[in-house]
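*Asks:* All the letters of the sequence shown, read from the start, carry residue numbers 1 to 223 under our numbering.
Beta carbons: idealized from backbone N, C-alpha and C, even for Gly.
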Amino acid sequence: FFHFRQRRTTSTMRPLLLLFCYLKVATAFVSASRGGVAPSSTSLAGGYDATIGADPKTPIQFFVLPGNTCPYVQRTHITLNELGLPYDVTEVTGMPKPDWYLKINPRGKVPAIRVPTADYAVIYESAICNEFLCDYATFRQQKQTLMPMDPFMRARIRLLNDHCDNVFSRTQFTFLMNKDEAKDEELCTEMEEALRMYEDALVESKGPYLLGEDFTIADLHLL
Ligand SMILES: N[C@@H](CCC(=O)N[C@@H](CS)C(=O)NCC(=O)O)C(=O)O
């Protein structure tokens, strides 16, 4: 967004940029201030903990890359903290990914989580991990879920997340990678259009979050 600001700072752009910066800062602030459970980082050098059992008190095993630079991992990391679910971090090293990890996630990507159930449930893809974790928190009768039960709100969250994955991320990536100044104007307009959905959501819900007063995984998906 810094690049975006530098390239085009017309008066029509500024409110949208400010809006988006506000959203980013607000979600980051909330995430930091709500006080989730601090990660217990027990990096298991050679792989995963095969002794994980069905006891629900066993921490969820959370697979990440070393260095914590992956934005998809961070989404799930924040979800775990926000929900206050106990977890242990396992760093996955090596390229290509080791066989033990490909058995966990055949796509070889992080994040993935392994949940303490009798059949060793494994879930991957950050958006699916996050929805699962919200459902799991509800299943464990926790109050904090980040995903309302109202089916209309749930559909709304999924539409916002779909927009992020299929429109906003692609538009932002194309914009940031563009080296042809002649295309700047057109790409800025596409960015404005992609941001519009968030502006409309905030105006409609009256904020401070996309769906109103509660921080949900729709806000989290944009971080
Ligand atoms: N759609 C996936 C994308 C995950 C992804 O691309 N993760 C990258 C790191 S940011 C990864 O694991 N790449 C394989 C590697 O770096 O070895 C998700 O949302 O979880």
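Which ranges would you report for the alpha helix (DSSP H) in the segment 99 to 139 if only whole runs of at least 4 residues count?
*Replies:* Qualifying alpha helix (DSSP H) stretches, in chain order: 99 to 104, 126 to 139.
*Asks:* By alpha-carbon positions, which one of VAL110, GLY84, ASN68, ASP219 ends up nearest to TYR198?
*Replies:* That would be ASP219, whose Cα lies nearest to the Cα of TYR198.
*Asks:* Can you tell me whether ARG114 is buried or exposed, with buried defined as 16 or more other CB within 10 angstroms of its CB?
*Replies:* So ARG114 counts as buried.
*Asks:* Quick one: residues in its chain with C-beta nearer than 8 angstroms to the C-beta of THR76, no 5 flanking neighbours on either side, listed in chain order?
*Replies:* Cβ neighbours of THR76 beyond the five flanking positions: PHE62, PRO111, ILE113, SER126, CYS129, ASN130, LEU133.
*Asks:* Given this structure, state the Cα-to-Cα distance separating THR145 from THR171, to the nearest angstrom.
*Replies:* Between THR145 and THR171, the C-alpha separation is close to 30 angstroms.
*Asks:* So, under 8 angstroms CB-CB, GLN142 and LEU83 are touching, yes? Tell me the CB distance rounded to an integer number of Å.
*Replies:* That belief holds up - the Cβ atoms of GLN142 and LEU83 are roughly 7 angstroms apart, short of 8 angstroms.
*Asks:* Near ALA38, which residues of its chain fall below 6 angstroms by C-beta distance, leaving aside the five closest residues on each side in sequence?
*Replies:* The predicted model places ALA38 with a pLDDT of 34, which falls under 50 and marks its position as unreliable; any figure quoted below should be read in that light. Correct list: empty, nothing qualifies.
*Asks:* Can you list, in chain order, the residues of its chain with a C-beta nearer than 7 angstroms to that of GLY46? Leave out the 5 residues immediately preceding and following it.
*Replies:* Confidence is the limiting factor: at GLY46 the pLDDT is only 45, short of 50, which leaves the residue's position unreliable, though a coordinate-based value still follows. Here the set comprises nothing.
*Asks:* Taking only heavy atoms of ligand 1 into account, decide whether any of them is closer than 8 angstroms to the Cβ of TYR209.
*Replies:* Answer for TYR209: no, Cβ out of range of ligand 1.
*Asks:* Give the single residue among LEU195, PRO59, GLU193 whose Cα lies nearest to the Cα of ALA121.
*Replies:* ALA121 has its Cα closest to that of PRO59, out of LEU195, PRO59, GLU193.
*Asks:* Let me know the alpha helix (DSSP H) ranges lying completely inside the segment 55 to 98, each 4 residues or longer, listed in chain order.
*Replies:* 71 to 83, all fully within the segment 55 to 98.
*Asks:* If you measure from each CB to the nearest heavy atom of ligand 1 and keep those under 7 angstroms, what residues do you get, in chain order?
*Replies:* Result: LEU65, CYS70, PRO71, TYR72, VAL73, MET95, LYS97, GLY108, LYS109, VAL110, PRO111, TYR124, GLU125, SER126, ALA127.
*Asks:* Using CA atoms only, rank isn't needed, just tell me which of MET95, LEU222, LEU80 is closest to ASP165.
*Replies:* Checking every option, the nearest Cα to that of ASP165 belongs to LEU222.
*Asks:* Report buried or exposed for ASN68, applying the criterion of at least 16 other Cβ atoms within 10 angstroms of its Cβ.
*Replies:* ASN68 comes out exposed.
*Asks:* From ALA194 to PRO148, what does the alpha carbon distance come to, in whole angstroms?
*Replies:* So the alpha carbons of these two residues sit roughly 25 angstroms apart.
*Asks:* Taking Cβ to Cβ, would you say VAL92 is nearer than 9 angstroms to PRO98?
*Replies:* A contact, by the Cβ cut-off of 9 angstroms.
*Asks:* Just the C-alpha distance for THR12 and HIS163, rounded to the nearest angstrom, thanks.
*Replies:* Because THR12 carries a pLDDT of 48, less than 50, the predicted location of this residue cannot be relied on, and no value is offered for it.
*Asks:* Report buried or exposed for ALA137, applying the criterion of at least 16 other Cβ atoms within 10 angstroms of its Cβ.
*Replies:* By the neighbour-count rule (16 or more Cβ atoms within 10 Å), ALA137 is buried.
*Asks:* Taking just the CA atoms, how far does PRO106 sit from LEU80?
*Replies:* So the alpha carbons of these two residues sit roughly 23 angstroms apart.
*Asks:* Return the CA-CA distance between LEU65 and THR216, expressed in angstroms with no decimal places.
*Replies:* The alpha-carbon atoms of LEU65 and THR216 are separated by roughly 25 angstroms.
*Asks:* In or out: ASP135 buried (at least 16 other Cβ within 10 Å) or exposed?
*Replies:* Label assigned to ASP135: exposed.
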